[in-house]
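> Heads up: the sequence shown runs through residues 1063 to 1380, numbered per my numbering. Right, I'll just put the structure down here and ask away after.
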Amino acid sequence: MTAPVLPTADLARARALYDRVAEETAGIVIHRYSTSFGLASRLLAPSVRRHVDNIYALVRLADEVVDGVATSAGLEGPAIERMLDTLERETLDAIDIGYSTNLVVHAFALTARRVGFGEELVAPFYASMRADLTATEHTPKSFEEYVYGSAEVVGLMCLCAFLEGHVISDARREQLVDGARHLGAAFQKINFLRDLSADFAGLGRSYFPGVNVQTFGEGAKREILDDIDNDLRIARASLPLLPTTSRRAVALAQGLFGELTSRLRQTPAAVLAETRIRVPNPVKLRIAASAAAGRLPAAPPPTSSSHPATARQPEENR
1063 MTAPVLPTAD
1073 LARARALYDR
1083 VAEETAGIVI
1093 HRYSTSFGLA
1103 SRLLAPSVRR
1113 HVDNIYALVR
1123 LADEVVDGVA
1133 TSAGLEGPAI
1143 ERMLDTLERE
1153 TLDAIDIGYS
1163 TNLVVHAFAL
1173 TARRVGFGEE
1183 LVAPFYASMR
1193 ADLTATEHTP
1203 KSFEEYVYGS
1213 AEVVGLMCLC
1223 AFLEGHVISD
1233 ARREQLVDGA
1243 RHLGAAFQKI
1253 NFLRDLSADF
1263 AGLGRSYFPG
1273 VNVQTFGEGA
1283 KREILDDIDN
1293 DLRIARASLP
1303 LLPTTSRRAV
1313 ALAQGLFGEL
1323 TSRLRQTPAA
1333 VLAETRIRVP
1343 NPVKLRIAAS
1353 AAAGRLPAAP
1363 PPTSSSHPAT
1373 ARQPEENR
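Here is the structure:
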């Protein structure tokens, strides 16, 4: 017995409803999990916001598999790795065929197919998520690879959404790609520094090479923050090149993390090793108002550090 075939118009309506519900589901995630990114996304044009919501939801879903709900449900390493492998296969299959039974994956695939990215960004992302299941310390090389897969590729996914429908020169695209990668890297490093104690105590991880929370001092803090400011400085230079449909939102996100960086710099290393620093909501709203008015975030302060900027591998070697 064969299943009845719906008329074409009914199929189209059913598909449109499913797509809409999937994207509405993804839209809930960013606002429930991140006040900073949720606030910034409100400054995006609606069509761009939908894509960014879809990207964020999948990233959060994978993160919860690795560090969140899966563990609280009693799952251990091998079972969590199998779930992550399954999620990656579902994601790549959905991008290939345009459908998933997982609403968050389905929404992500809609965006990936629409704005033009695929396995070249998805695979490094899942590789970094998988590294969290086994790596507790990083070498400079593994740290660079981890930051690329966990953060820089997310910036590149969002950039694809920002540029959808825009024709730009190769030179402008190259600068925007560099800015997106540096901004993603800055966000990730800021989170690592802010969560230094929690990551070490709760997850047994020390992300920064050679940094131990038990001996963390002002020198290490200053070097990390100088590197972050370098990332933010490069990202800020590319902001005026973004389309107006996304520029204010990216400026807000960078402004919020720049403010957090300033607060981390003002906090003694011993306190950072024990306390999670936040940006108060009134300050977030002030930064949001500035970004909404079209102003660029404040430039990072000059540093006296002579450390080299974080190296970038050629794209084809990743």
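Just so you know, even glycine gets a beta-carbon here, dropped at the ideal spot from N, CA and C. Being a predicted model, the structure only gives us computed values, none of them experimental.
Determine the DSSP secondary structure at E1199, reduced to helix, strand or coil.
What you label residue 1199 is simply residue 137 of the sequence shown in a count that begins at 1. Three-state result, E1199: strand.
> Of the choices A1088, D1289, I1157, A1185, whose alpha-carbon is the least far from that of L1165?
Reading the sequence shown from its first residue, position 103 is the one you call residue 1165. Closest option to L1165, Cα to Cα, is A1088.
> Fully enclosed by the region 1324–1356, which alpha helix (DSSP H) runs are 4 residues long or longer?
1331–1334, 1343–1354
> Verify whether the separation of the beta carbon atoms of A1353 and A1313 is less than 7 Å.
On the sequence shown, residue 1353 is found 291 positions in, with the first residue counted as 1. On the sequence shown, residue 1313 is found 251 positions in, with the first residue counted as 1. Cβ distance < 7 Å, so A1353 and A1313 count as in contact.
> If you run the structure through DSSP and keep just helix, strand and coil, what is S1098?
In the sequence shown, counting from the first residue as 1, residue 1098 sits at position 36. Residue state, collapsed to three classes: helix.
> With distances taken between CB atoms, is the gap from V1275 to A1193 smaller than 7 Å?
Numbered from its first residue, the sequence shown carries residue 1275 at position 213. Numbered from its first residue, the sequence shown carries residue 1193 at position 131. In this structure, A1193 does not lie closer than 7 Å to V1275 by Cβ.
> Runs of 4 residues minimum, wholly inside the region 1212–1256: which ones carry the alpha helix (DSSP H) assignment?
Entirely contained in the region 1212–1256, the alpha helix (DSSP H) runs reaching 4 residues are, in chain order, 1215–1224, 1232–1256.
> Looking only at its chain, what residues have a beta carbon closer than 6 Å to the beta carbon of R1112, apart from the 5 residues adjacent to it on each side?
The sequence position of residue 1112 within the sequence shown is 50, counting from 1. E1085, listed in sequence order.
> For R1077, which residues of its own chain have a beta-carbon under 7 Å away from its beta-carbon, when the five flanking residues on both sides are left out?
Sequence index remark: in the sequence shown, residue 1077 carries index 15 (1-based). There are no such residues.
> Mind checking Y1118: buried by the 16 CB within 10 Å criterion, or exposed?
For the purposes of this step, residue 1118 is identified with residue 56 of the sequence shown, where counting begins at 1. Y1118 is buried by the Cβ-count criterion.
> Could you tell me the distance, in whole angstroms, from the CA atom of T1163 to the CA atom of H1093?
Walking along the sequence shown from the start, residue 1163 turns up at place 101. Walking along the sequence shown from the start, residue 1093 turns up at place 31. Each residue's alpha carbon lies about 23 Å from the other.
> Using DSSP with H/G/I as helix, E/B as strand and the rest coil, what is G1320?
Translated into the one-based positions of the sequence shown, residue 1320 becomes position 258. Of the three classes helix, strand and coil, the one that applies to G1320 here is helix, per DSSP.
> If you count every other CB in all the chains shown that lies within 10 Å of the CB of V1215, and 16 or more means buried, which is it?
For the purposes of this step, residue 1215 is identified with residue 153 of the sequence shown, where counting begins at 1. Buried, since its Cβ has 16 or more Cβ neighbours within 10 Å.
> From D1240 to E1152, what does the alpha carbon distance come to, in whole angstroms?
Residue mapping note: residue 1240 aligns to position 178 of the sequence shown, counting from 1. Residue mapping note: residue 1152 aligns to position 90 of the sequence shown, counting from 1. Approximately 29 Å between the Cα atoms of the pair.
> Report the three-state DSSP secondary structure of S1162 (helix, strand or coil).
Here residue 1162 refers to the residue found at position 100 of the sequence shown. It is coil, neither helix nor strand.
> Following the continuous alpha helix (DSSP H) through A1119, name the residue where it begins and the one where it ends.
Numbered from its first residue, the sequence shown carries residue 1119 at position 57. Counting along the chain, the alpha helix (DSSP H) containing A1119 begins and ends at 1108–1129.
> Is the region 1288–1307 close to the region 1236–1252, with three or more CB pairs under 8 Å?
yes
> Is it the case that the Cβ atoms of F1205 and P1271 are separated by a distance below 7 Å?
Translated into positions along the sequence shown, residue 1205 becomes position 143. Translated into positions along the sequence shown, residue 1271 becomes position 209. Against a cut-off of 7 Å, the Cβ pair of P1271 and F1205 comes out as a contact.
> If I'm right that A1174 touches I1157 with Cβ under 8 Å, what's the distance once you round it to whole angstroms?
Within the sequence shown, the letter at position 112 stands for residue 1174. Within the sequence shown, the letter at position 95 stands for residue 1157. Contact holds; Cβ gap of about 5 Å.
> Buried or exposed, going by whether 16 or more other CB atoms sit within 10 Å of the CB of P1186?
As a working mapping, residue 1186 is identified with position 124 in the sequence shown. That one is buried.
> Checking the sheet assignment: what are the DSSP bridge partners for S1268?
Within the sequence shown, numbered from 1, the residue matching residue 1268 stands at position 206. Looking at the DSSP output, S1268 shares a beta bridge with E1199.
> Please identify the residue among Y1161, R1122, V1184 whose C-alpha is closest to the C-alpha of L1172.
As a working note, residue 1172 is residue 110 in the sequence shown. Out of Y1161, R1122, V1184, the CA that lies nearest to the CA of L1172 is found in Y1161.
> Are the beta-carbon atoms belonging to F1179 and C1222 less than 7 Å from one another?
To locate residue 1179, count along the sequence shown from 1; it is residue 117. To locate residue 1222, count along the sequence shown from 1; it is residue 160. The answer is yes: Cβ separation under 7 Å.
> Under 8 Å by Cβ, that's how I've got G1211 and A1189 pegged, so tell me the actual separation to the nearest angstrom.
Numbered from 1 along the sequence shown, position 149 holds the residue referred to as residue 1211. Numbered from 1 along the sequence shown, position 127 holds the residue referred to as residue 1189. With a Cβ gap of about 5 Å, G1211 and A1189 count as contacting.
> Starting from the C-beta of V1083, find all residues in its chain whose C-beta is less than 8 Å away, skip the five residues before and the five after it, and write them out in chain order.
As a working note, residue 1083 is residue 21 in the sequence shown. Taken in chain order, the residues that qualify are L1165.
> CA-CA distance, L1106 and A1311?
If you number the sequence shown from 1, residue 1106 lands on position 44. If you number the sequence shown from 1, residue 1311 lands on position 249. So the two alpha carbons sit approximately 6 Å from each other.
> Using the Cα positions of R1340 and E1280, report the straight-line distance between them to the nearest angstrom.
Sequence index remark: in the sequence shown, residue 1340 carries index 278 (1-based). Sequence index remark: in the sequence shown, residue 1280 carries index 218 (1-based). Taking the straight line joining both Cα atoms gives about 19 Å.
> How big is the Cα-Cα spacing for L1258 and G1320?
As a working note, residue 1258 is residue 196 in the sequence shown. As a working note, residue 1320 is residue 258 in the sequence shown. For L1258 and G1320, the distance between alpha carbons rounds to 18 Å.
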